[in-house]
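So the sequence shown is residues 2 to 196, counted in the working numbering.
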Amino acid sequence: MQPDFATIFPLRHGRVHEACGPAAAAFAAVAGSVTQGMTLWISQSWAGETVNPLGLAPVLDPALLLSARTDNQTDSLAVAEEALRDGALACVLIDITRPLNLREGRRLQLAAKAGGTTGLCLIPEGMGSNAAETRWRARPLFDPDDNDSTLMQWEIIKNKSGTMGTWNVRWSQEARRVYVVSPVGFRPGTEGTSC
Numbered sequence: 002m003q004p005d006f007a008t009i010f011p012l013r014h015g016r017v018h019e020a021c022g023p024a025a026a027a028f029a030a031v032a033g034s035v036t037q038g039m040t041l042w043i044s045q046s047w048a049g050e051t052v053n054p055l056g057l058a059p060v061l062d063p064a065l066l067l068s069a070r071t072d073n074q075t076d077s078l079a080v081a082e083e084a085l086r087d088g089a090l091a092c093v094l095i096d097i098t099r100p101l102n103l104r105e106g107r108r109l110q111l112a113a114k115a116g117g118t119t120g121l122c123l124i125p126e127g128m129g130s131n132a133a134e135t136r137w138r139a140r141p142l143f144d145p146d147d148n149d150s151t152l153m154q155w156e157i158i159k160n161k162s163g164t165m166g167t168w169n170v171r172w173s174q175e176a177r178r179v180y181v182v183s184p185v186g187f188r189p190g191t192e193g194t195s196c
């Protein structure tokens, strides 16, 4: 049975989670937005991609986004640990390029718990930490009936609470929230499909 999406998203505060897949950055932006506070996005300076606050504006208010660039993952983890522990931020997003060992993952979890802050590591596919509370795979979905590009599939592939599931979701810029939508074959009025 599919669990209720509202029981696992927004992400649990005071814990560190993980996201992977081609829409992981969009998942992170939504996760930061729904915390309704300041979000810090930590990435490494050698990486080609840079967070563009104006590009995220439809999802995450640029005035609520801080960006930190570090020399390496060790520095990223140090910045993340301090930011999580401080409690001044609602969400800390961390681009990860190599697997976290159990000690690193546990330190982040303890810091998030101490600060009551939500942490999210953006990880390459197939990589993850045993310390993560949840791990999500996010993919964009094509919707031939709508020009909206925010349709995604979010799948929870690890959960310490045991709840697993897959949801098709769409971001509503007007409502500033994510909605669960029916799969294409189960939408009313969709021609050429059968249930």
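Beta carbons: idealized from backbone N, C-alpha and C, even for Gly.
Keep in mind that this is a model prediction, so the values were computed, not measured.
Checklist entry - Just the Cα atoms here: how many angstroms apart are Ala-55 and Ser-68? => result Here the sequence assigns Leu to residue 55, which means Ala is not the residue at that position. Rounded to whole angstroms, Leu-55 to Ser-68 spans 12 Å at the Cα level.
Next on the checklist: For Leu-12 and Thr-119, what's the separation of their Cα atoms in angstroms?
Outcome noted: Their backbone Cα atoms lie some 7 Å apart in a straight line.
Item to check | Per-residue DSSP class, three states only, for Ser-77 | outcome: When secondary structure is reduced to three states using DSSP, Ser-77 falls in the helix class.
Next on the checklist: What does the Cβ neighbour count give for Glu-192, buried or exposed, with the cut at 16 atoms within 10 Å?
Outcome noted: Model confidence at Glu-192 stands at a pLDDT of 48, short of 50, so the residue's coordinates are unreliable and nothing is read from them.
Checklist entry - Going along the chain, which residues of its own chain have a beta-carbon closer than 8 Å to the beta-carbon of Val-182, five neighbours each way excluded? => result Counting only Cβ-Cβ distances below 8 Å, and skipping sequence neighbours, we find Leu-152, Asn-169, Val-170, Arg-171 and Arg-188.
Item to check | Gly-166 in three-state terms, based on DSSP | outcome: DSSP places Gly-166 in strand when its eight states are reduced to three.
Next on the checklist: Report the start-end ranges of each alpha helix (DSSP H) in the segment 59-125 that is 4 residues or longer and not cut off at the edges.
Outcome noted: Look at the segment 59-125 and you find these whole runs of alpha helix (DSSP H), each 4 residues long or longer: 74-87 and 103-116.
Checklist entry - Going by the CB atoms, is the gap between Val-80 and Ile-124 shorter than 8 Å? => result No; because the gap between Cβ atoms is not below 8 Å, this pair is not in contact.
Checklist entry - Given a threshold of 16 other Cβ atoms within 10 Å of its Cβ, counted over all protein chains shown, does Asp-72 qualify as buried or as exposed? => result With fewer than 16 Cβ atoms within 10 Å of its Cβ, Asp-72 is classed as exposed.
Checklist entry - Is Gln-37 buried or exposed, if buried means 16 or more other CB atoms sit within 10 Å of its CB? => result Exposed.
Checklist entry - Which residues bound the alpha helix (DSSP H) around Val-31? => result Element bounds for Val-31: 25-35.
Checklist entry - Sorted by chain position, which residues of the same chain lie with C-beta nearer than 6 Å to Pro-100's C-beta, five sequence neighbours on each side aside? => result Result list for Pro-100: Met-128, in chain order.
Item to check | Within 8 Å, strictly: CB atoms of Ile-157 and Gly-166 | outcome: Yes, Cβ-Cβ distance for Ile-157 and Gly-166 is below 8 Å.
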